[in-house]
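This report concerns only the one structure given below.
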Amino acid sequence: EPFISSNSTYVDTTIGLDCRVTAKKLSSVLWWKDGKVITNDQRYQLTEDNRTMVIKKAIKSDCGMYTCTVENAVSKKNSSHSLTIYGLPPQIHHAMVFSIVALIYAAAIFFGTILQCLHSDMQSMDFQRKVLLFLQVTAMLS
9 EPFISSNSTY VDTTIGLDCR VTAKKLSSVL WWKDGKVITN DQRYQLTEDN RTMVIKKAIK
69 SDCGMYTCTV ENAVSKKNSS HSLTIYGLPP QIHHAMVFSI VALIYAAAIF FGTILQCLHS
129 DMQSMDFQRK VLLFLQVTAM LS
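Counting in the numbering used here, the sequence shown runs from 9 upward without gaps.
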């Protein structure tokens, strides 16, 4: 009985689907996507006697039901795998999370500095000087 495994599920990554079988002598291995035979082309590369199918730079339209059909002189078996491609590659996702954390941290420092400048020992300062100080601090932090 064949079994399909996948190494990745993210957009813009190389995805390998392996059709694992225990039978030693196979006459053929075929790959299908949504009921249509897959051949070597710009989107798909078949290697290791067609046991591995590689999708380079995966895109959302690569989502679907993949099936490998293995055949020998005695029998023919199928195995299917539903492939879902997720929107962001891991590197971009991590960079986005890091950017959001950095933005929140910068905003907290910014507003803390502003509140400290406007509130502590500057109560005697007139409104125009407070606004000017606020603008200077804003310019320094941006």
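By construction, the Cβ of each residue, glycine as well, lies at the ideal position given by its N, Cα and C atoms.
Exposure of residue i, with buried meaning 16 or more beta-carbon neighbours within 10 Å
i     : result
Asn58 : buried
Ala66 : buried
Tyr74 : buried
Lys41 : buried
Proximity of residue i and residue j at Cβ, strictly below 7 Å
i      : j      : result
Cys71  : Thr47  : no
Asn80  : Ser13  : no
Cys76  : Ser87  : yes
Val193 : Thr121 : This structure gives no information on residue 193, because the portion of the chain shown stretches from 9 to 150.
Val37  : Val78  : yes
Thr17  : Tyr94  : yes
Lys84  : Glu9   : no
Cβ of residue i within 7 Å of any chain C Cβ
i      : result
Ala116 : Any reference to chain C falls outside this structure, which holds one protein chain only.
Reference residue i; option with closest CA among the options
i      : options                     : result
Leu96  : Leu54, Leu143, Val19        : Val19
Ala31  : Gly43, Asn15, Phe11         : Phe11
Phe118 : Asp49, Asn15, Trp39, Met148 : Met148
beta-carbon residue i near the ligand ATP non-hydrogen atom, thresh 6 Å
i     : result
Asn15 : With respect to small molecules bound, the structure shown includes none, and the ligand ATP cannot be examined in it.
- Message: Within 8 Å, do at least three Cβ pairs link the region 60-74 to the region 13-28?
- Response: Taking 8 Å as the limit for Cβ pairs, the verdict is that the region 60-74 does touch the region 13-28.
- Completely contained beta strand (DSSP E) runs for the region 31-71, where each covers 3 or more residues: Within the region 31-71, the complete beta strand (DSSP E) segments at least 3 residues long are 36-41, 44-46, 52-55, 60-63, listed from N- to C-terminus.
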